[in-house]
Structure formats: structure tokens, C-alpha cells
Amino acid sequence: AQSVSQHNHHVILSEAASLELGCNYSYGGTVNLFWYVQYPGQHLQLLLKYFSGDPLVKGIKGFEAEFIKSKFSFNLRKPSVQWSDTAEYFCAGATNFGNEKLTFGTGTRLTIIP
Amino acid sequence: DSGVTQTPKHLITATGQRVTLRCSPRSGDLSVYWYQQSLDQGLQFLIQYYNGEERAKGNILERFSAQQFPDLHSELNLSSLELGDSALYFCASSGNGNIQYFGAGTRLSVL
């Protein structure tokens, strides 16, 4: 069965600290991977995506993620976080057939202390 | 703004009642997805429609149903509501690619 898991439930960092949020997936076949962010009271916004090609993908707001096939991982990183990055972050996967449902991880709540 | 519109934003109702949630996808997107977000279950896929036809079903209860109309908007109908149905219901749409754009959600409170 397809699944996505996020290990960190709640992460607390100070401003300017570096961030890495873990995501592991279990999919048969080729997978498309995504990171979404949900700011308090708002809808899900796409941060970045991986379909194929360069395993290091860059997204909006200075985020990046690395697809490591051998580890079934797609960790999210940011070298220096800001208070405005406080939000919930969701890793998600879909098969690459196009227009397929997303399977979400449980989410990681990120709190940045000024 | 994602271009996906959901109404209403908030819905408060009583157990046993029936409600309808509405979603208008981004212009030109043929696929519409419904997800439920609750504290205990996280984000769960409910159902997908593609150009008016049901495409995939997830963890959707029999009390819940959906449809997509010729103008591509979709409605999610929830009936015989229970306290446990209280959640955020998101709609998403996608076009030719595999990127889903989410609406702001409908927060359903069942009292």
C-alpha cells in the first residue's frame, strides 16, 4: 500500500536556525513527491515538487528538498528559518500517472521562536 | 489565491442533519478532489472526479456522496451527520499535470 510518513510531529527552532524535516515514502513504481505548507487558518500551498530529473529541487520561500531513492526519502530543508515560517508542513506522494490522489503524511508543526 | 473556491467557509449544524459543500475548481481544471482534515485522522483523501465522472474513491463513508457537474464545479454531500464528522473539508483541482491546488476549505462543526 502507498504510504508517506513524517517522523517529526512538532519542531521548535529559533530564527536563523537550519531546518530539516523528514519524509519517507513507500510506493510501488515511480512516485511524484510534494511538500505543502499550511499557515495558521489557511489552505494548503505547494512549496515544491519532485517528478523526475535532478533530485535536488528548489521551491518557494527558500525551501529545498532532496529525493534520495535508496533511502525512500524526500526531506525538506531550509538553511535559515524565519518567524514567518511557523506553519504545518505536509509531505505527500502520488503515482506518476497524472491526476492521481495525494497520500499525505501526518504533518509536522514547525514553531519558530523570534 | 489558488483559484479554487470553496463555500461556505464555516458550517455549524446538528447531528443527524445533511449539508452540502461546494467547490469551484481552477479555470480549465477537469479533476476535482475532496479531502478531510481532522485531528485524529490527518489529511485523508475522500473522492475524485474527472470531467464529471467518479475517478477514485478513498476513505469516504457511505453517508457521504459527491458529484461533479457539467460546469465542473463539485459538491460534497454529507448526511446523517455525527459528531465525528466535524473536520475541515478541502477541495483541490488539477489540470494536465499532477499538481493539486487547494481551496481554503470548509470548516464543519457538528453539535
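For the protein sequence lines, the chains are A and B, in the order given. Residues 30 to 143, numbered by my numbering, are exactly what the first sequence covers, in order. Residues 65 to 175, numbered by my numbering, are exactly what the second sequence covers, in order. Positions of the beta carbon are idealized from the N, C-alpha and C atoms, including for glycine. Bear in mind that the values here come from a model prediction, so they are computed numbers and not experimental data.
1) Just tell me which of A:S34, A:P143, A:E129, A:Y65 has its CA closest to the CA of A:F92.
2) Which chain A residues sit within Cβ distance under 7 angstroms of B:A120?
3) Quick one: is A:S43 buried, meaning 16 or more other Cβ sit within 10 Å of its Cβ, or exposed?
4) Under the assumption that B:F128 contacts B:N141 (Cβ atoms under 8 angstroms), give the Cβ distance between them as a whole number of angstroms.
5) Counting Cβ pairs closer than 8 angstroms, one from the segment 77-93 of chain A and one from the segment 102-115 of chain A, do we hit at least three?
6) According to DSSP, which residues form a beta bridge with B:Q132?
7) Using Cβ-Cβ distances below 7 angstroms, what residues of the segment 94-127 of chain B are close to chain A?
8) Could you check whether A:K130 and B:A120 sit closer than 9 angstroms to each other, using their CB atoms as the reference points?
9) Taking contact to mean at least 3 C-beta pairs separated by less than 8 angstroms, is the segment 66-78 of chain A in contact with the segment 44-53 of chain A?
10) At 3 residues or longer, and completely inside the segment 92-131 of chain A: list those beta strand (DSSP E) runs for me, N to C.
11) With distances taken between CB atoms, is the gap from A:H59 to A:T124 smaller than 9 angstroms?
To lay it out plainly:
1) Mapped onto the first sequence, residue 92 of chain A falls at position 63. Ranking A:S34, A:P143, A:E129, A:Y65 by CA distance to the CA of A:F92 puts A:Y65 first.
2) As a working mapping, residue 120 of chain B is identified with position 56 in the second sequence. Residues of chain A with a Cβ closer than 7 angstroms to the Cβ of B:A120 are, in chain order, K130.
3) Position 14 of the first sequence holds residue 43 of chain A. A:S43 is exposed by the Cβ-count criterion.
4) The residue you call residue 128 of chain B lines up with position 64 of the second sequence. The residue you call residue 141 of chain B lines up with position 77 of the second sequence. Between B:F128 and B:N141 the beta-carbon gap is near 7 angstroms, inside 8 angstroms, which marks them as a contact.
5) Taking a cut-off of 8 angstroms for Cβ pairs, the segment 77-93 of chain A and the segment 102-115 of chain A touch, as three or more such pairs fall below it.
6) Translated into the one-based positions of the second sequence, residue 132 of chain B becomes position 68. Partner(s): B:S138.
7) Along the segment 94-127 of chain B, going in chain order, the ones with a CB nearer than 7 angstroms to a CB of chain A are S95, Y97, G106, L107, F109, Q112, Y114, A120, G122.
8) The count along the second sequence starts at 1 and reaches residue 120 of chain B at position 56. The count along the first sequence starts at 1 and reaches residue 130 of chain A at position 101. Taking C-beta atoms as the reference points, B:A120 and A:K130 count as a pair closer than 9 angstroms.
9) No contact exists between the segment 66-78 of chain A and the segment 44-53 of chain A.
10) Entirely contained in the segment 92-131 of chain A, the beta strand (DSSP E) runs reaching 3 residues are, in chain order, 93-97, 102-107, 116-124.
11) For the purposes of this step, residue 59 of chain A is identified with residue 30 of the first sequence, where counting begins at 1. For the purposes of this step, residue 124 of chain A is identified with residue 95 of the first sequence, where counting begins at 1. In the sequence on display, residue 59 of chain A carries Thr and not His. Result yes, Cβ atoms of A:T59 and A:T124 sit closer than 9 angstroms.
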